[in-house]
Every structure is written in structure tokens, then in C-alpha cells.
Amino acid sequence: MEDRISPILYLELSDLTPEEYGAARAHEVLALPDVERATWWRNLMPHRKDFEPDFVNRIPDFASLGIYEATPDFVPPAPPEGIRSIHFRHYPRPAQGFLDGKKTLGLMLILVSPREESGAQALRDWADFVHIPPLATGNIGFKMITPYENVARGEPRFMHLYETATREAESALQSEVHAVPAWYGGTDTEAYRHWQVHEQLVVDYMNTFELAGESPSR
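Sequential numbering of the sequence shown, starting at 596, is according to our numbering.
Quick look at the structure:
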């Protein structure tokens with residue numbers, strides 16, 4: 596992150612507080628071979644319901660998000676009880692956004708899957724060429740948006756990692772909700788619906804986070 600692309604991101608989803616997670620788990624994973632950096636993040640809107648019924652998270656919510664930047668040789672550990680994990684590789688398309696030299700302090704995490712395996716590429720193309728580009732201009736607070744794919748090609752299939760230079764990732768999301776419809780003539784237009792959803796889109800998880808702790812790069 597911070598205006599660079601990590602080839603591998605390993606995520607852990609935990610119900611521990613960020614302080615507990617950083618003290619009890621993060622350094623264990625950081626000590627593994629091929630792990631280069633650890634950050635852990637506080638969920639800003641636990642158990643959010645504001646996008647229902649249009650989008651309902653299929654992944655149960657969690658208090659803390661651990662993100663580990665790793666090399667392609669990284670082998671994920673078996674997570675301990677109470678922690679769920681997902682192993683992602685960078686999808687071979689560039690991140691979208693701009694370089695500003697500022698530290699990443701906020702994230703919006705989007706996890707999605709296709710309804711059918713045959714629709715995975717269409718969903719990926721829609722995200723990269725229709726949905727993400729207007730959000731990556733910096734106008735509403737997102738500075739870089741990077742696509743990743745589940746190494747196991749299971750669910751969730753894709754991750755979109757939205758970075759912000761402030762801790763106000765939730766403000767950027769709310770700006771998206773309120774500003775984007777006007778760009779397409781309102782929520783009832785075909786243009787807006789084409790931007791907002793795809794026939795293959797299944798939202799596995801969507802939420803915002805602020806940086807709670809980190810270990811330096813090795």
C-alpha cells in the first residue's frame with residue numbers, strides 16, 4: 596500500500612480489538628517467511644446495515660482487519676480459532692488513482708464474487724473499466740484502488756482495496772453515496788444502474804477501516 600502494489604496480501608479477520616490483535620497475533624504472522632509488513636485496522640462501522648437490502652454482507656462482520664504484505668512465495672499459516680483468513684494475489688491490471696506520497700490511514704474493503712464462474716471475467720472487466728475509474732480521481736477521498744484475486748479462486752473471488760490519506764474512509768464512502776448519482780443523472784437512470792451494479796455482482800463484504808497499528812517493513 597502507500598502508492599505501491601504488493602504482489603500478495605494476506606488478510607485476517609478477527610473479533611479481537613485492534614489493540615488485542617496487534618499484541619497477540621500480528622507479530623506472529625510478521626515473523627513468518629516471506630512476510631514483509633503488517634498493518635492492522637479498526638472497523639469503523641461494525642454490523643452496518645445501511646446498504647441493505649440492496650447489498651447484504653455475506654461474510655460475518657469482525658472488529659479488526661490484519662493485512663500482511665508478502666512475496667509470491669508466501670504460504671499462509673493455519674489461523675488460530677476465532678480468526679478467518681483470505682489469501683489474495685494482485686490481479687494483473689494496474690491500480691487506479693494517483694501518487695501523493697502520503698501515508699495510507701484509511702481503507703474501504705470491498706470483497707465480491709461472480710454469481711457464476713463463467714461470469715468472473717465479465718465482473719472483473721466491469722469493475723476495472725466501469726465502476727472503479729470515476730472513484731479513483733481523488734474527488735471524493737479515495738487515492739488508490741487496487742484489484743486482487745483470491746489465490747484459491749473461491750469466494751470471495753475479488754478484493755478491491757480503496758486507500759485514503761486520512762482516517763475518514765467512511766466519509767469517502769458517504770461522499771460516494773451522495774455524489775456519484777448526480778454524475779449519472781440520478782439514481783433512476785440506466786447510466787447510474789450500469790455503474791452501480793453488474794448482473795454477475797455478489798457483494799461478499801463492504802466496510803471502512805482506520806489504521807490502528809503497524810510494523811515497519813523488513
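Virtual Cβ for every residue (Gly too), placed ideally from N, Cα, C.
Three or more pairs of CB atoms, one per stretch, sit closer than 8 Å, so the segment 759 to 766 contacts the segment 797 to 807. In the three-state scheme derived from DSSP, where H, G and I count as helix and E and B as strand, P613 is classed as helix. Between the segment 662 to 681 and the segment 605 to 615 there are three or more C-beta pairs closer than 8 Å, enough to call the two in contact. Counting of Cβ neighbours within 10 angstroms places V651 among the exposed residues, the total staying below 16. The C-alpha of R653 is placed about 22 Å away from the C-alpha of T741.
The beta carbons of D656 and P641 sit closer together than 7 Å.
In this structure, the beta-carbon distance from G677 to A731 does not fall below 7 Å.
Bounds of the beta strand (DSSP E) holding D799 are 796 to 810. Bridge partners of E607 according to DSSP: G661, S680. In the three-state reduction of the DSSP assignment, E750 falls in the coil class, being assigned neither a helical nor a strand state.
For L768, the enclosing alpha helix (DSSP H) covers residues 764 to 778. With contacts defined as CB atoms closer than 7 Å, R688 and V797 fail to qualify as a contacting pair. CA-to-CA, the gap between E614 and Q795 works out to about 38 Å. For A633, there is no enclosing alpha helix (DSSP H); the residue is found in the beta strand (DSSP E) stretching over 630 to 638. Nearest neighbour of F737 by Cα position, chosen from Y743, K698, S713, turns out to be K698. Relative to P811, the option among G617, R620, V624, E631 whose CA is nearest is E631.
In the three-state DSSP reduction, H642 falls in the coil class, being neither helix nor strand.
If you draw a 10 Å sphere on the C-beta of S713, you find fewer than 16 other C-beta atoms in it, and that means exposed.
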